[in-house]
Amino acid sequence: MKARAEALPTQEMLINMGPQHPSTHGVLRVILRTDGEVVVNARPDVGYLHRALEKIGERVTYAQFMPFTDRLDYLASMNCNAAWAWAVEKLAGIEVPERAEYIRVIVCELNRISSHLIAFGSFTADMGAFTPFLYAIRERERINDLFEEICGNRLTYNYVRIGGVSADLPDRFLEKTKEFLDYFDPKIPEYNDLISYNKIFVHRLANVAVATPEDAVAYGLTGPNLRGSGVRFDLRRNEPYSVYPKIDFDICVGTGERGTVGDCFDRYMVRINEMRESVKILRQAIAQIPDGPVMAKVPRVFKPPVGEVYFRAENPRGETGIYLISDGTVNPYRLKIRAPSFVTMNIFEKITRGLMIADIVAVIGSFDIILPEIDR
Amino acid sequence: MLESLAISLVDAVPVLSGVPLWTITLLIMVVVAAVVLTFALTYAGLATYVERKVAGDIQARIGPNRVGPVGILQFLADGIKLLLKEDIIPAKADRFLFVLAPYLVFIGSFAAFVVVPFGVGLIASDLNIGIYYVMAITSLVVVGVLVAGWASNNKWALLGGMRAAAQIVSYEIPVGMALLPAVLIAGSLSLQDIVRSQGGLFGIFGWNLFHNPFTFFSFFLYYVAALAETNRTPFDIPEAESELVAGYHVEYSGIRFAFFFLAEYGDMFVVSALATACFLGGWHVPFLNAEALPAVWGNLFSLGVFLGKALGLVVVMMWVRWTLPRLRVDQLMRMSWKYLVPLTFFNLLGVSLWLLLFQGRGIPQMIASLFG
Amino acid sequence: MEPKAIFEAVRATFGEAVSELQEEGFRPAFLVVSPEKVREIGRFLRDDPAMKFDSLMCLSGVDYPDRFAVVYHLHSLAIGHRIGVKAYLPRESPSLPSVDGVWPTANFHEREAFDLFGIVFEGSWDLRRILLPEDWEGHPLRKDYKYPEFYHGIKV
Numbered sequence: 000m001k002a003r004a005e006a007l008p009t010q011e012m013l014i015n016m017g018p019q020h021p022s023t024h025g026v027l028r029v030i031l032r033t034d035g036e037v038v039v040n041a042r043p044d045v046g047y048l049h050r051a052l053e054k055i056g057e058r059v060t061y062a063q064f065m066p067f068t069d070r071l072d073y074l075a076s077m078n079c080n081a082a083w084a085w086a087v088e089k090l091a092g093i094e095v096p097e098r099a100e101y102i103r104v105i106v107c108e109l110n111r112i113s114s115h116l117i118a119f120g121s122f123t124a125d126m127g128a129f130t131p132f133l134y135a136i137r138e139r140e141r142i143n144d145l146f147e148e149i150c151g152n153r154l155t156y157n158y159v160r161i162g163g164v165s166a167d168l169p170d171r172f173l174e175k176t177k178e179f180l181d182y183f184d185p186k187i188p189e190y191n192d193l194i195s196y197n198k199i200f201v202h203r204l205a206n207v208a209v210a211t212p213e214d215a216v217a218y219g220l221t222g223p224n225l226r227g228s229g230v231r232f233d234l235r236r237n238e239p240y241s242v243y244p245k246i247d248f249d250i251c252v253g254t255g256e257r258g259t260v261g262d263c264f265d266r267y268m269v270r271i272n273e274m275r276e277s278v279k280i281l282r283q284a285i286a287q288i289p290d291g292p293v294m295a296k297v298p299r300v301f302k303p304p305v306g307e308v309y310f311r312a313e314n315p316r317g318e319t320g321i322y323l324i325s326d327g328t329v330n331p332y333r334l335k336i337r338a339p340s341f342v343t344m345n346i347f348e349k350i351t352r353g354l355m356i357a358d359i360v361a362v363i364g365s366f367d368i369i370l371p372e373i374d375r
Numbered sequence: 000m001l002e003s004l005a006i007s008l009v010d011a012v013p014v015l016s017g018v019p020l021w022t023i024t025l026l027i028m029v030v031v032a033a034v035v036l037t038f039a040l041t042y043a044g045l046a047t048y049v050e051r052k053v054a055g056d057i058q059a060r061i062g063p064n065r066v067g068p069v070g071i072l073q074f075l076a077d078g079i080k081l082l083l084k085e086d087i088i089p090a091k092a093d094r095f096l097f098v099l100a101p102y103l104v105f106i107g108s109f110a111a112f113v114v115v116p117f118g119v120g121l122i123a124s125d126l127n128i129g130i131y132y133v134m135a136i137t138s139l140v141v142v143g144v145l146v147a148g149w150a151s152n153n154k155w156a157l158l159g160g161m162r163a164a165a166q167i168v169s170y171e172i173p174v175g176m177a178l179l180p181a182v183l184i185a186g187s188l189s190l191q192d193i194v195r196s197q198g199g200l201f202g203i204f205g206w207n208l209f210h211n212p213f214t215f216f217s218f219f220l221y222y223v224a225a226l227a228e229t230n231r232t233p234f235d236i237p238e239a240e241s242e243l244v245a246g247y248h249v250e251y252s253g254i255r256f257a258f259f260f261l262a263e264y265g266d267m268f269v270v271s272a273l274a275t276a277c278f279l280g281g282w283h284v285p286f287l288n289a290e291a292l293p294a295v296w297g298n299l300f301s302l303g304v305f306l307g308k309a310l311g312l313v314v315v316m317m318w319v320r321w322t323l324p325r326l327r328v329d330q331l332m333r334m335s336w337k338y339l340v341p342l343t344f345f346n347l348l349g350v351s352l353w354l355l356l357f358q359g360r361g362i363p364q365m366i367a368s369l370f371g
Numbered sequence: 000m001e002p003k004a005i006f007e008a009v010r011a012t013f014g015e016a017v018s019e020l021q022e023e024g025f026r027p028a029f030l031v032v033s034p035e036k037v038r039e040i041g042r043f044l045r046d047d048p049a050m051k052f053d054s055l056m057c058l059s060g061v062d063y064p065d066r067f068a069v070v071y072h073l074h075s076l077a078i079g080h081r082i083g084v085k086a087y088l089p090r091e092s093p094s095l096p097s098v099d100g101v102w103p104t105a106n107f108h109e110r111e112a113f114d115l116f117g118i119v120f121e122g123s124w125d126l127r128r129i130l131l132p133e134d135w136e137g138h139p140l141r142k143d144y145k146y147p148e149f150y151h152g153i154k155v
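Okay, here's the thing in structure tokens:
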């Protein structure tokens, strides 16, 4: 909803939203030029959390970089771990045992649910409804418990290894996961009853900050944000990796059910629906998982051959691309991480023009950005 | 009224006959004020506790449970903490106005307690312009909020203050318009008179809520508009934690912040009490005439009933707060000017016509008259 | 389309501006192009009906031992193929045309390459430092970067 501002001549005001602000999801700073409540221009300023991960990557070995990938997108550490492992394996041509691949898919999808839960919860909290956040946290807690059983950690897992995973699944893990899925499945309609189709909520989101499919592709939106614009593209399907080709699931896209295709509500609904698809994937993966080793033979001093590889994986926030250059030594020669949130911020200035201050919050929340990944 | 109380006191206690009448009147005033203020503060403190418990319950968690049994003393601990906190006044703030603002808000909210008809005889001052007084004195809140937002010299606070001003000014109109049907029916602005007018018929069917369809809607219109006037979710855009950080009180700390906080809870009670008095029969006990009881029992009964009704409405406000998301500022304005204002005007017209056509009788009375 | 075919097609249009196809050990394969032609080649790759590289997945700066490079990873949502484009730059005053008019998403990537490598993208909308403070000295991802000892008088 574009507000009209031509009625009264007024003076523009410059407001700093962030780096400390409750709903910028971290240390993001948005420089707002506003005309009263109407935003004339919103320019994102990133980099407050820059930790030079790419430079560090050139100093450590391939295996040593794994814990750093935990700190990329801390709400989806497993996915970042696995993306790194897949990229390195692709570079070195390592064959990973099938069980390990299934375990990776299971933990990645669990982590996708937990990440989308946070996205859902914090987004509704941004919209002023604080209650769904705690419901989301309650469910996420159970996923954290599962992960704690696997690797002992609850946030930065460091579980996936180059060539497999660090340990086989603990006893009864698959049953417990199934129990969780049975518990979680009916929760999604509950969320929809609770908040998704709430009239105020819909009115706040529908037709706000529309990213047209053309814009979404041109500006490099990926993952749920791209699909929210109605583009049916999912790396798990279109550029399959790991065991995803053996698994059947739908690609959720924005349909503009309450407004225009590509508005905040569509991006939000894509995440809600993707949780359901993840449940589907998990059920199949649990049914299909074979027995066997979980770690391939990877030499202790690991030196991949000279070469360059670009690998991208479908992470909860979009496409995490890893561009890796090896010069045949134990350290990567250059590694570039294409972080989805970072690229997403590019479109921010364009689609926030003419919105209101409250909508800026909605846009940040609907993109589900995470700052450690933007700033790396 | 206080003067007549003083005269009767002097008559009852001969020792006091030497004391000038105005001294006694003044003393009584101070006592009454102290009682009302104590009630208001205790209520506000307990309300914060209840709010947190209600929030906890809605959010599938426990809520405060550390200080005292089931956390009941939490509000005392919070109050003491706020008292002991450093009082920060930003260097570039307008010092005088910054200090003044919390008091304005506090006075605006708590002065309204004076005309709340707690019971048959329990009213600090039964002003004959009761409703008008409440509307006027609670407008002081918006001045305080605006002053706070401006004096903080913070852009978020300024935005919050501006939003609050726009919001409260917009919603005063539907609030007033939605209360007028009760005034029309009672033919008086005094809250006590309005409550008395809702006596009859087992003490429940006399309520203005059931008087006719228009008053029934009036109640809900009033409640929605009043929710907006108290700046509570879903209308809390002046504070809007996730947008404006904390809005107009972003720069306040310690006890000054507590004043804003208490005023919010005071406001909640005042609007709920008005709704109770104007639509829910005030202190009328169903199936029991409190005025016919002996003075002490009648007062106690009616006090309990009134508080029960009003606090029930307060709890509903809390429930709403933890359930709904927040409107955007333009949607809020649209809701007031495009929906609530026309609807309340329409309602007022409807009630007036009803009273004209049926000589002031409500639907329950008509039904009752059918059965003789 | 196979990298070989893409190479042939681009070469047919741009001739010597596309010097080489790097295939062995490179996934995806790279077209090595001359830096000054990057924008034209980009536009061709995006608009040609057989190419339709509508999405720029990633743009990276690289500090090779003897020279810099800017690497573009392209993907076509419409057709589903991908290709890399690489432009080598001299170490002294590296600069090349910006492609943010072709793929708007390039802007943030270019700002990052400018910030961390000091590669100048001519004709960019908005070329400022992005991750580091405005007053940071040097470009940290260059291999010859010297770590500063002080920042604003604070020992690091």
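Protein chains in written order, with numbering that gives the first Met the number 0: chain A, 0 to 375; chain B, 0 to 371; chain C, 0 to 155.
Where is the CB? At the ideal position from N, CA and C, for every residue including glycine.
Name the chain C residues that come within less than 9 Å of residue i, Cβ to Cβ?
| i | result |
| --- | --- |
| A:D374 | L130 |
| A:G320 | M56, C57 and H72 |
Just to confirm my understanding: we take residue i, look at its own chain, exclude 5 residues before and 5 after, and list those with CB closer than 8 Å. What are they?
| i | result |
| --- | --- |
| B:R377 | This structure cannot settle anything about residue 377 of chain B, because the visible part of chain B is limited to 0 through 371. |
| B:F215 | L208 and F209 |
| C:V155 | Y146, P147, E148 and F149 |
| B:Y48 | P63, G70, I71, Q73 and F74 |
In chain A, what lies closer than 7 Å to residue i by C-beta?
| i | result |
| --- | --- |
| C:L55 | G219 |
| C:F25 | G306 and E307 |
| B:T322 | T130 |
Tell me which same chain residues have a C-beta within less than 6 Å of the C-beta of residue i, skipping the five on either side of it?
| i | result |
| --- | --- |
| B:S217 | A177, P180 and N346 |
| A:K1 | A caution first: A:K1 carries a pLDDT of 47, below 50, which makes its placement in the model unreliable, though a value can still be read off. Only G353 meet the Cβ criterion. |
| B:P116 | I122, L190, Q191, V194, A276 and G281 |
Considering Cα atoms alone, identify which of the options is closest to residue i.
| i | options | result |
| --- | --- | --- |
| C:S92 | C:P34, C:A11, C:F13 and C:V155 | C:P34 |
| A:I136 | A:H115, A:N345 and A:P292 | A:H115 |
| A:V252 | A:V278, A:T211, A:Y243 and A:A286 | A:T211 |
| C:Y71 | A:F122, A:L370 and A:Y322 | A:Y322 |
| C:I129 | A:L48, A:M274, A:D144 and A:P239 | A:L48 |
| A:E138 | A:I102, A:A51, A:T176 and A:A128 | A:T176 |
| B:L273 | B:S368, B:A100 and B:V114 | B:V114 |
| B:S301 | B:V313, B:I130, B:L279 and B:A156 | B:L279 |
| B:T41 | B:E171, B:L75 and B:G17 | B:L75 |
| C:C57 | C:V69, C:D65 and C:Y63 | C:V69 |
Which residues in chain B sit within 8 Å of residue i, going by Cβ to Cβ distance?
| i | result |
| --- | --- |
| A:E453 | Within the shown structure, residues of chain A are numbered from 0 to 375, placing residue 453 of chain A beyond reach of any answer. |
Please list the partners that residue i has in chain B, where partner means a Cβ-to-Cβ separation under 9 Å.
| i | result |
| --- | --- |
| A:V385 | Absent from the model: residue 385 of chain A. The displayed extent of chain A is 0 to 375, so no value can be given. |
Spatial neighbours of residue i within its chain, please: CB distance less than 7 Å, with the 5 preceding and 5 following residues excluded, ordered by chain position.
| i | result |
| --- | --- |
| A:E313 | G222, D233, L234 and R235 |
List the residues of chain A whose Cβ lies closer than 9 Å to the Cβ of residue i, in chain order.
| i | result |
| --- | --- |
| B:T232 | G127, A128 and F129 |
Whose Cβ in chain C lies nearer than 7 Å to the Cβ of residue i?
| i | result |
| --- | --- |
| A:I324 | V61 |
| A:V87 | What A:V87 touches in chain C: nothing, since even the nearest Cβ is about 13 Å away. |
Using the beta-carbon of each residue, which ones in chain E are nearer than 7 Å to residue i?
| i | result |
| --- | --- |
| B:V328 | In the displayed structure, chain E is absent; the protein chains listed are A, B and C. |
Task: chain A contacts from the stretch 102-119 of chain C (Cβ-Cβ distance under 7 Å) - done: For the stretch 102-119 of chain C, which is checked against every Cβ of chain A, the residues closer than 7 Å are W102, P103, T104, N106 and F107.
Open item on the list: Quick test of the definition: if touching needs 3 or more C-beta pairs under 8 Å, does the stretch 87-96 of chain A touch the stretch 224-235 of chain A?
Closed with: At 8 Å Cβ cutoff, the stretches do not touch.
- [ ] Using a Cβ-Cβ cut-off of less than 7 Å, list which residues of the stretch 19-49 of chain A approach chain B; keep chain order.
- [x] Within the stretch 19-49 of chain A, H20, P21, S22 and E36 place their CB atoms closer than 7 Å to a CB of chain B, listed in sequence order.
Task: Segment contact, 8 Å Cβ cut-off, at least three pairs: the stretch 200-211 of chain A with the stretch 327-342 of chain A - done: As far as the Cβ criterion goes, the stretch 200-211 of chain A does not touch the stretch 327-342 of chain A, which means the pair count is below three.
TODO: Pull out every residue of the stretch 174-191 of chain A whose Cβ sits closer than 9 Å to any Cβ of chain C, in chain order.
DONE: Listed in sequence order: no entries.
Open item on the list: Give me the subset of the stretch 45-65 of chain B whose CB atoms are less than 7 Å from a CB atom of chain A, sorted by chain position.
Closed with: Within the stretch 45-65 of chain B, I57, Q58, A59 and R60 place their CB atoms closer than 7 Å to a CB of chain A, listed in sequence order.
Open item on the list: Would the stretch 65-75 of chain A count as touching the stretch 278-295 of chain A if we require 3 or more Cβ pairs under 8 Å?
Closed with: No, the stretch 65-75 of chain A does not touch the stretch 278-295 of chain A.
Task: Residues within the stretch 233-245 of chain A neighbouring chain C, beta-carbon criterion of under 9 Å - done: Of all residues in the stretch 233-245 of chain A, only N237 and E238 come within less than 9 Å of chain C when Cβ atoms are compared, listed by chain position.
Open item on the list: Using a Cβ distance threshold of 8 Å, determine whether the stretch 78-86 of chain B contacts the stretch 348-358 of chain B, with at least three qualifying pairs required.
Closed with: The stretch 78-86 of chain B, when compared against the stretch 348-358 of chain B, does not touch it at the 8 Å Cβ threshold.
Task: chain C contacts made by the stretch 331-344 of chain A, where a contact means CB separation under 7 Å - done: Answer in chain order: R333, K335, R337, F341, V342 and M344.
Task: Selection of the stretch 138-153 of chain C by Cβ proximity to chain A, strictly under 9 Å - done: With the criterion set as a beta carbon lying under 9 Å from some beta carbon of chain A, the members of the stretch 138-153 of chain C are P139, L140, K142 and Y144, in sequence order.
TODO: With 9 Å as the C-beta to C-beta threshold (strictly closer), list the residues of the stretch 343-364 of chain B near chain A in chain order.
DONE: Residues of the stretch 343-364 of chain B with a C-beta atom less than 9 Å from some C-beta of chain A do not occur.
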